[in-house]
Amino acid sequence: MQLPNRWASRSLFAFPFPVTTVLPSPSESKAWEVDTCRGHYNNVSCAVFHPRQELILSNSEDKSIRVWDMSK
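The sequence shown begins at 1 in UniProt numbering and counts up by one.
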């Protein structure tokens with residue numbers, strides 16, 4: 001599957017190397033805000049973030065693709 005150039009993709013769930021996030025202090029910054037998008041019935045293998053809109057496209061091992069509107 002090939003996505004249009006306006007999509008910025010990043011694999012979230014499979015890294016071939018260790019990933020470390022360093023924060024100066026828990027009271028000074030956040031790594032991210034976490035929420036659960038329910039809809040897939042198996043492991044999510046990839047997520048793609050739109051660079052200018054609050055949209056996430058994800059695909060799963062259940063062979064489904066979902067578009068999530070984060071502005072809602």
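C-beta atoms are modelled at their ideal positions from N, C-alpha and C, and glycine is treated no differently.
Quick one: Cα of residue 71 to Cα of residue 59, how far? Taking the first residue of the sequence shown as position 1, residue 71 is located at position 71. Taking the first residue of the sequence shown as position 1, residue 59 is located at position 59. Roughly 20 Å between the two C-alpha positions.
Taking only the alpha-carbon atoms, compute the straight-line gap between residue 45 and residue 52 and give it to the nearest angstrom. Translated into positions along the sequence shown, residue 45 becomes position 45. Translated into positions along the sequence shown, residue 52 becomes position 52. So the alpha carbons of these two residues sit roughly 23 Å apart.
Since residue 45 is in the beta strand (DSSP E), which residue starts that stretch and which ends it? If you number the sequence shown from 1, residue 45 lands on position 45. From DSSP, the beta strand (DSSP E) with residue 45 extends over 44–49.
Residue 41 and residue 62: beta carbons closer than 8 Å? As a first step, residue 41 is located in the sequence shown; it is residue number 41 there, counting from the start. As a first step, residue 62 is located in the sequence shown; it is residue number 62 there, counting from the start. Yes, Cβ-Cβ distance for residue 41 and residue 62 is below 8 Å.
Other residues of its chain near residue 57: CB distance less than 6 Å, five sequence neighbours each side excluded: The residue you call residue 57 lines up with position 57 of the sequence shown. Only 48, 67 meet the Cβ criterion.
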